[in-house]
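Per our numbering, the sequence shown runs over residues 9 to 587.
Ideal Cβ placement from N, Cα and C applies to all residues, glycine included.
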Amino acid sequence: MRKVQLVNQIKAASHQIRCDLVIKNITIIDVFQNDRFVADVAIHEGHIVGIGEYQGNCEVDGSGKFICPGLIDAHAHIESSLVTPCEYYKEALKHGITSMITDPHEIANVLGVEGIELMIKLSEDIPFDMYVMLPSCVPATGFENSGANLYAKDLAPLYAHHRVLGLAEVMNFPAVIHGEDDMIQKIMDARKCCLTVDGHGASFDLKTLNAYVTAGITTDHECHTAEEVIDRLRRGMYVLMREGSVAKNLEKLISVASIANSRRICFCTDDKHIDDLMTEGSIDHSIKVAVKHGLKIETAIQMCTLNTAECYKLDGYGAIAPGFIADFIILDDLDSFNIHSVYKKGIRVVHQGVLEVGENRNSKITKTFENTVKLPTLTSESFKISCRDKEILNVIELIPNKLETIHQCFNLQELGVTNEVHSDVERDLLKVAVIERHHLTNNIGLGVLKGLKLKKGAIATTISHDSHNLIVCGTNDEEMLFASRQLQQMGGGIIVVCEGKVLASLTLEIGGLITNRAACDVIEELKLLHEAIEMIAPSLDFNPFLTLSFLTLPVIPAIKLTDKGLFDVMKFDFISVVS
Numbered sequence: 009m010r011k012v013q014l015v016n017q018i019k020a021a022s023h024q025i026r027c028d029l030v031i032k033n034i035t036i037i038d039v040f041q042n043d044r045f046v047a048d049v050a051i052h053e054g055h056i057v058g059i060g061e062y063q064g065n066c067e068v069d070g071s072g073k074f075i076c077p078g079l080i081d082a083h084a085h086i087e088s089s090l091v092t093p094c095e096y097y098k099e100a101l102k103h104g105i106t107s108m109i110t111d112p113h114e115i116a117n118v119l120g121v122e123g124i125e126l127m128i129k130l131s132e133d134i135p136f137d138m139y140v141m142l143p144s145c146v147p148a149t150g151f152e153n154s155g156a157n158l159y160a161k162d163l164a165p166l167y168a169h170h171r172v173l174g175l176a177e178v179m180n181f182p183a184v185i186h187g188e189d190d191m192i193q194k195i196m197d198a199r200k201c202c203l204t205v206d207g208h209g210a211s212f213d214l215k216t217l218n219a220y221v222t223a224g225i226t227t228d229h230e231c232h233t234a235e236e237v238i239d240r241l242r243r244g245m246y247v248l249m250r251e252g253s254v255a256k257n258l259e260k261l262i263s264v265a266s267i268a269n270s271r272r273i274c275f276c277t278d279d280k281h282i283d284d285l286m287t288e289g290s291i292d293h294s295i296k297v298a299v300k301h302g303l304k305i306e307t308a309i310q311m312c313t314l315n316t317a318e319c320y321k322l323d324g325y326g327a328i329a330p331g332f333i334a335d336f337i338i339l340d341d342l343d344s345f346n347i348h349s350v351y352k353k354g355i356r357v358v359h360q361g362v363l364e365v366g367e368n369r370n371s372k373i374t375k376t377f378e379n380t381v382k383l384p385t386l387t388s389e390s391f392k393i394s395c396r397d398k399e400i401l402n403v404i405e406l407i408p409n410k411l412e413t414i415h416q417c418f419n420l421q422e423l424g425v426t427n428e429v430h431s432d433v434e435r436d437l438l439k440v441a442v443i444e445r446h447h448l449t450n451n452i453g454l455g456v457l458k459g460l461k462l463k464k465g466a467i468a469t470t471i472s473h474d475s476h477n478l479i480v481c482g483t484n485d486e487e488m489l490f491a492s493r494q495l496q497q498m499g500g501g502i503i504v505v506c507e508g509k510v511l512a513s514l515t516l517e518i519g520g521l522i523t524n525r526a527a528c529d530v531i532e533e534l535k536l537l538h539e540a541i542e543m544i545a546p547s548l549d550f551n552p553f554l555t556l557s558f559l560t561l562p563v564i565p566a567i568k569l570t571d572k573g574l575f576d577v578m579k580f581d582f583i584s585v586v587s
């Protein structure tokens, strides 16, 4: 802030000059005291300068309405939306999100430092604050091949950027526990800059959790039980309660929240498709879920405004009070959280659901990050699983709307399988493959999946967390081969095929993860993909594309598949598909 700007704000606050904007007679949500009261809110040069009675050059009647701070998403991967930041923010603003803390580790796993710089560049000059946490684990572990490897020396120069707030979720917890030099250096570099270090504490025992917190990791969005929330709060961590497109933990966890502990709880989406963002919402949806399950609405708003701002040291964000940035929402009704309008730095950007800011496109910037899908020569033999003289089939079982999986063991003799494992539609045991797509290593990890319920055809995608190799699942090897080849020709994305024909597809040309096209076009193609899924898996009651994309993440229990093979997360080692 310039000195003259501060002087002008002081003058406006003390009635020496008229304010730019005054919201008159509005009910203010007080996030400091979990309360509400009626007053004028005065705004000058992008900041709130007063609460009380004020006159302004522009005055808005707030009678009968409510005002609360702009919402902050505490942890999100914009790449999961499938669109660029300059498309994402347009939908986010409509839901009252004015700022978010992002971790661009999806694009970084494909493009390295250039991917991080790309996301920063694509989020410039938009009426939305997209802050960045630097990816800590690229790749997430050494048990997969990603497009890049990022070391402490690669990340260190990026801390100088004013929108970098710290080190993103530390998934490789063994590296922390064992004091691996590069991981410890990454954490120390962030701490040296007095920045936040995010955690990823899936199913930690208390010994591991204590070591994690000792290392300086202060947040976790991987809580699945009330006990895990309490364990983290007792150790001074911030718990980011997640409600995304796949992982939906809020309903189960919110009962833990109270006035006594609410100041260490925030809300996040983690991964949210653009169509879910449009129809369901974002952090505004989290507020509604929390209130539905008994949380006081002022507390819910506090969690996703002031708490998040303090967690990430965002001074001046998260409250309706003098000196705070004028990011706020005007609500028609508090109980329903019905948004009337959204303001960013004192300028109205959304009114009654309509965006009031201009277009932003960066197609020239993204051209150099296309054509990233490099596959080996594939045949139907590429998907063959031999099982001669073997007894046990190790199977990955999906849990709908969860990132975790179940390790199931089937007796091959009881299945009637002798020489080769084939997809068994009747038993819902489908072959799945992860094909390395970055370096032409010829790696293909093979497995068997239960729970996807395909009756025919195949689906494939280049979104497979976190290394984003190509994952394909189908009812026979020929369909899997066809889907893989078609996806390579597209340059990455999502595809549904059946009987040698493409039923629907979505091209994601930037790194095989996102597209530069308009959100409305992407949403229409996603709709066609879901319609195609109805044709080949009519009884499915969850998002198969997002679910499949997390099947490859070897840091979340219990069993996953990477390009190097079937991985037992609990043992932290590879196992054979048949044994």
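Legend entry - Opening and closing residue of the beta strand (DSSP E) in which N315 lies: Per DSSP, N315 lies in no beta strand (DSSP E) segment; the continuous alpha helix (DSSP H) that holds it begins and ends at 314-319.
Legend entry - Alpha-carbon to alpha-carbon, L454 and F275: Taking the straight line joining both Cα atoms gives about 36 Å.
Inset, instruction - Return the Cβ separation of I464 and C528 in integer angstroms, given the expectation that the two are a contact with Cβ distance under 8 Å. - result: The amino acid occupying residue 464 in the given sequence is Lys; Ile does not appear at that position. About 31 Å separates the two Cβ atoms, so there is no contact after all.
Inset, instruction - Kindly indicate the opening and closing residues of the beta strand (DSSP E) around F275. - result: It spans 273-276 - the beta strand (DSSP E) in which F275 sits, taken as one unbroken run.
Inset, instruction - Count the other CB atoms, across all protein chains shown, that sit within 10 Å of the CB of D474; report buried if there are 16 or more and exposed otherwise. - result: Per the 10 Å Cβ criterion, buried.
Inset, instruction - Give the single residue among D323, E230, G361 whose Cα lies nearest to the Cα of G289. - result: For the options D323, E230, G361, the alpha carbon positioned closest to that of G289 is the one of G361.
Legend entry - Whole-angstrom distance between P546 and I282, CA atom to CA atom: Here the C-alpha atom of I282 lies approximately 23 Å from the C-alpha atom of P546.
Inset, instruction - Excluding the 5 residues preceding and the 5 following L261 in the sequence, name in chain order all residues of the same chain whose CB lies nearer than 7 Å to its CB. - result: Its chain contains C231, A234, V237, M249 as the residues whose beta carbon lies nearer than 7 Å to that of L261, once the 5 sequence neighbours on both sides are disregarded; these appear in chain order.
Inset, instruction - Sort out for me which residues DSSP pairs A50 with in a bridge. - result: Its beta-bridge partners are V30, G58.
Inset, instruction - To the nearest angstrom, report how far apart Q24 and C202 are at their CA atoms. - result: The alpha-carbon of Q24 is positioned some 38 Å away from that of C202.
Inset, instruction - Using the DSSP secondary-structure output, state which residues sit across from T469 in a beta bridge. - result: DSSP output for T469 lists I479, I502 as bridge partner(s).
Inset, instruction - Give me the Cβ distance between I479 and T560, rounded to the nearest whole Å; I'm assuming they're in contact under 8 Å. - result: With 8 Å as the limit, I479 and T560 qualify as a contact, their Cβ atoms being about 6 Å apart.
Inset, instruction - Indicate whether E67 and Q17 have their beta-carbon atoms separated by less than 7 Å. - result: Not in contact: E67 and Q17 (Cβ atoms no closer than 7 Å).
Inset, instruction - Note down, in chain order, each residue of its chain lying with its Cβ closer than 6 Å to the Cβ of A82, except the 5 sequence neighbours on either side. - result: I109, L248, C274, C276, T316, listed in sequence order.
Legend entry - Range covered by the alpha helix (DSSP H) that runs through A308: Residue range 305-311 is occupied by the alpha helix (DSSP H) that includes A308.
Inset, instruction - For the segment 442-449 and the segment 392-403, state whether three or more C-beta atom pairs, one from each stretch, are separated by less than 8 Å. - result: They do not touch, by the three-pair rule.
Inset, instruction - Alpha carbon to alpha carbon, how far is T523 from D335? Give it in angstroms, no decimals. - result: C-alpha of D335 to C-alpha of T523: approximately 29 Å in a straight line.
Inset, instruction - Answer with yes or no whether the minimum CB distance from Y96 to chain B is below 7 Å. - result: Judged by its chain identifiers, the structure shown contains no chain B, having just a single protein chain.
Inset, instruction - Excluding the 5 residues preceding and the 5 following H359 in the sequence, name in chain order all residues of the same chain whose CB lies nearer than 6 Å to its CB. - result: The residues are S349.
Inset, instruction - Could you tell me how far apart the beta carbons of F582 and L574 are, in whole angstroms, since I believe they sit closer than 8 Å? - result: Rounded, the Cβ-Cβ distance is 6 Å, consistent with contact.
Inset, instruction - Leaving aside the five residues before and after N346 along the sequence, list all residues of the same chain whose C-beta is less than 8 Å from its C-beta, in chain order. - result: Contacts found: L339, D340.
Inset, instruction - Tell me, please, whether the segment 195-211 touches the segment 161-181 by the rule of three or more beta-carbon pairs shorter than 8 Å. - result: Flag = yes, the segment 195-211 and the segment 161-181 touch.
Legend entry - Same chain, Cβ closer than 6 Å to Q496, five either side skipped, listed in chain order: Result list for Q496: V381, L383, in chain order.
Legend entry - Residue from H186, L322, V178, K194 with nearest C-alpha to K161: The option with the nearest alpha carbon to K161 is K194.
Legend entry - Residues that L437 bridges to, as DSSP identifies them: DSSP, once it has assigned bridges, lists D432, K458 as partnering L437.
Inset, instruction - Report all residues from its chain with a CB closer than 6 Å to the CB of E533; omit the five preceding and five following residues, and keep chain order. - result: Cβ within range, chain order: L514.
Legend entry - Classification of F377 by the beta-carbon crowding that lies within 10 angstroms, buried from 16 upward: With a 10 Å radius around the Cβ and a threshold of 16 neighbouring Cβ atoms, F377 comes out buried.
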